[in-house]
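Note sheet for the following structure.
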Amino acid sequence: LRIVLEIQVNHVCGDGLKYSTEPNVDDVGRCVDQFENSYWNSSRGERLSDRDRLPLSLGGDLPLALKHPSFFVRCGPQSSFRPEGHAFAEVGEDQGSTRQAGSLWTDDSAGQSFRFNTLDVGFQTVYVNMLKWWIGYADIDGFRISAASQSSADFISALSTQTRHYAKELGKNDFFVVGELDPSTAVFGTELLGSQRPAGPAPRRLQETLDDNCELYKDLSPPWSGLLAAYPAPEVDNIRLIATDGEEPRDFFEDAEFGAVAAAKRASLASHSDLQATLTAFESGSERRLLSRLGGGDTADAWRLQLGLAWSFTWYGIPTLLNGVEMGFNGLCFNSTEDKSSLEAHLLEQGIAPEEAAKLLEDCDYTVHGDRVDQGFWRQDFFAGGPLRLGAAVAGVQAQRHIG
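The numbering of the sequence shown is the numbering used here, which starts it at 3 and goes up by one.
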């Protein structure tokens with residue numbers, strides 16, 4: 003049994019973190035072009051100009067170590083990036099460099115999160131040191147990097163090599179780093195895997211990072227600088243569809259279109275990384291609990307988790323459980339009107355103001371808000387603190403949910 007920490011390294015949200023001026027489409031384009039050109043053609047450690055980059059207020063709740071404007075791209079939201087006058091969503095997978103630029107150097111279109119400047123060597127050093135601290139403090143055995151394909155390959159190289167080497171010095175010879183790669187970025191995703199030696203030319207910043215860390219990664223087993231494997235996104239998406247009645251179970255094996263996509267993904271992983279190091283988790287902290295989509299309060303619905311577990315434990319890779327799957331967590335604040343009334347009374351007993359208790363329960367009502375329920379509720383059952391404990395499809399666990 004190993005403990006893997008899921009991390010998001012490409013962006014951050016924070017109270018008061020916002021741009022001081024509105025982004026301009028032309029400035030966003032010039033800023034993205036500067037970053038992409040620097041990634042491919044400038045020396046590692048070379049500082050980027052602030053010209054065309056937006057001024058960013060760093061807010062009040064970021065860790066002090068990350069409060070530096072150079073640690074953020076500051077080009078603006080993806081919605082304002084319009085290559086050759088077209089919306090980024092219209093860029094095809096065959097336009098690899100443009101897709102890469104828009105994925106790496108723009109913020110999310112909603113303006114809720116801000117992209118880290120992963121080219122900055124100072125940022126790389128600070129962030130990797132933070133992760134080393136977690137290895138030593140929490141005795142973890144690996145990292146799963148969410149949205150890894152939205153980070154530059156030189157940063158992924160430094161992160162993977164240096165954390166694995168540090169873990170080896172602590173006696174963790176099998177420490178592993180795997181990532182989630184967006185299938186739409188497959189044209190450049192191989193830059194992140196294994197030895198990080200793409201078929202074509204590599205970005206200069208990546209090549210110099212490989213040179214700088216050569217003595218470290220050649221001491222590892224396997225002697226790779228990049229991610230050991232990637233998350234099997236096509237299979238996970240399909241097994242979740244089956245578990246929510248969106249597909250027939252036999253389609254996982256018989257659907258020709260899905261089979262072709264999954265086979266191509268497996269072949270790419272096998273040729274660039276360790277297929278057997280893939281984490282087969284069908285639940286993720288970046289998605290709603292599977293049972294929150296289905297009412298989830300009925301014990302009979304637990305078969306959906308059992309189906310996911312059967313796939314995870316029999317597919318290629320490492321069987322992986324998100325915290326709570328083994329107890330039937332459904333991610334729901336309440337299962338029925340009666341349960342909602344009981345929970346409201348429990349909140350009031352804790353001294354929570356009636357209007358705040360009512361708002362909490364309203365905000366986490368999936369039957370009203372669906373996928374628009376705040377993501378904080380998706381993971382509330384991860385924490386010991388807070389007024390809520392989310393429920394379970396297993397009656398015995400549900401009955402004890404307020405304990406602790």
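Here a beta-carbon is modelled for each residue, glycine too, at the ideal position from N, C-alpha and C.
Computed from a prediction, not measured in an experiment: that's the story for all the values here.
6 Å Cβ shell around residue i - same chain, five flanking residues per side excluded
{"i": "residue 313", "result": "241"}
{"i": "residue 296", "result": "303"}
{"i": "residue 22", "result": "57 and 59"}
{"i": "residue 29", "result": "54"}
{"i": "residue 117", "result": "13, 75 and 109"}
{"i": "residue 120", "result": "153, 154 and 157"}
{"i": "residue 27", "result": "82 and 84"}
Whole-angstrom C-beta distance between residue j and residue i, which should lie under 8 Å
{"i": "residue 125", "j": "residue 73", "result": "4 Å"}
{"i": "residue 64", "j": "residue 7", "result": "20 Å between Cβ atoms; not a contact."}
{"i": "residue 177", "j": "residue 170", "result": "7 Å"}
{"i": "residue 77", "j": "residue 34", "result": "5 Å"}
{"i": "residue 236", "j": "residue 264", "result": "5 Å"}
{"i": "residue 168", "j": "residue 142", "result": "Wrong, their Cβ atoms sit about 12 Å apart, outside the cutoff."}
{"i": "residue 393", "j": "residue 337", "result": "6 Å"}
{"i": "residue 152", "j": "residue 106", "result": "6 Å"}
{"i": "residue 148", "j": "residue 9", "result": "7 Å"}
{"i": "residue 363", "j": "residue 356", "result": "Not quite, the Cβ-Cβ distance comes to about 11 Å (not below 8 Å), so this is no contact."}
{"i": "residue 330", "j": "residue 396", "result": "4 Å"}
Strand pairing of residue i, partner residues [DSSP]
{"i": "residue 322", "result": "For residue 322, which the question treats as bridged, DSSP gives no partner whatsoever."}
{"i": "residue 109", "result": "79"}
{"i": "residue 58", "result": "21"}
{"i": "residue 100", "result": "In DSSP, residue 100 forms no bridge with anything."}
{"i": "residue 336", "result": "The partner list for residue 336 (beta bridge, DSSP) is empty, contrary to what the question assumes."}
{"i": "residue 6", "result": "144"}
{"i": "residue 281", "result": "320"}
{"i": "residue 89", "result": "Looking at the DSSP assignment, residue 89 forms no beta bridge with any residue, so it has no partner."}
{"i": "residue 394", "result": "331"}
Beta-carbon contacts of residue i that lie in its chain and below 7 Å, excluding the five residues immediately before and after
{"i": "residue 97", "result": "none"}
{"i": "residue 115", "result": "13, 14, 15 and 109"}
{"i": "residue 162", "result": "179, 227, 228 and 229"}
{"i": "residue 211", "result": "46, 156, 159 and 160"}
{"i": "residue 166", "result": "177, 179 and 222"}
{"i": "residue 43", "result": "206"}
{"i": "residue 249", "result": "240 and 243"}
{"i": "residue 294", "result": "332, 333, 334 and 368"}
{"i": "residue 400", "result": "393 and 394"}
{"i": "residue 275", "result": "195, 196, 229, 230, 231 and 232"}
{"i": "residue 100", "result": "85 and 93"}
{"i": "residue 150", "result": "158, 181, 182, 183, 194 and 229"}
{"i": "residue 382", "result": "388, 390 and 392"}
Boundaries (first-last residue) of the beta strand (DSSP E) holding residue i
{"i": "residue 72", "result": "Note, residue 72: premise wrong, no beta strand (DSSP E); not H, not E."}
{"i": "residue 11", "result": "Taken as a continuous stretch (DSSP letters only), residue 11 belongs to no beta strand (DSSP E), as it is neither H nor E."}
Beta carbon proximity, residue i to chain C, threshold 7 Å
{"i": "residue 101", "result": "Absent from the structure is chain C; it holds one protein chain and no more."}
Element boundaries [alpha helix (DSSP H), containing residue i]
{"i": "residue 40", "result": "27-43"}
{"i": "residue 361", "result": "356-365"}
{"i": "residue 311", "result": "305-316"}
{"i": "residue 216", "result": "216-219"}
{"i": "residue 371", "result": "368-371"}
{"i": "residue 300", "result": "Here residue 300 belongs to no alpha helix (DSSP H), and DSSP marks it neither H nor E."}
{"i": "residue 339", "result": "339-351"}
{"i": "residue 377", "result": "377-380"}
{"i": "residue 399", "result": "397-401"}
Contacting residues, own chain, Cβ-Cβ under 8 Å from residue i (five flanking each side not counted)
{"i": "residue 281", "result": "6, 146, 180, 231, 233, 319, 320 and 322"}
{"i": "residue 402", "result": "none"}
{"i": "residue 373", "result": "290"}
{"i": "residue 365", "result": "371, 375, 376 and 379"}
{"i": "residue 310", "result": "241, 242, 245, 284, 285, 292 and 327"}
{"i": "residue 31", "result": "83, 84 and 85"}
{"i": "residue 140", "result": "5 and 7"}
{"i": "residue 3", "result": "none"}
{"i": "residue 255", "result": "261"}
{"i": "residue 317", "result": "234, 237 and 282"}
{"i": "residue 279", "result": "178, 180, 230, 231, 319 and 320"}
Residue i Cβ short of 6 Å to the ligand ATP heavy atom set
{"i": "residue 31", "result": "The model depicted lacks the ligand ATP and carries no ligand whatsoever."}
Could you tell me which whole beta strand (DSSP E) segments of length 3 or greater appear in the region 116-202? Runs of the beta strand (DSSP E) inside the region 116-202: 144-148 and 178-181.
Which full runs of the alpha helix (DSSP H) of 4+ residues lie inside the region 229-266, going along the chain? Correct list: 235-245 and 253-256.
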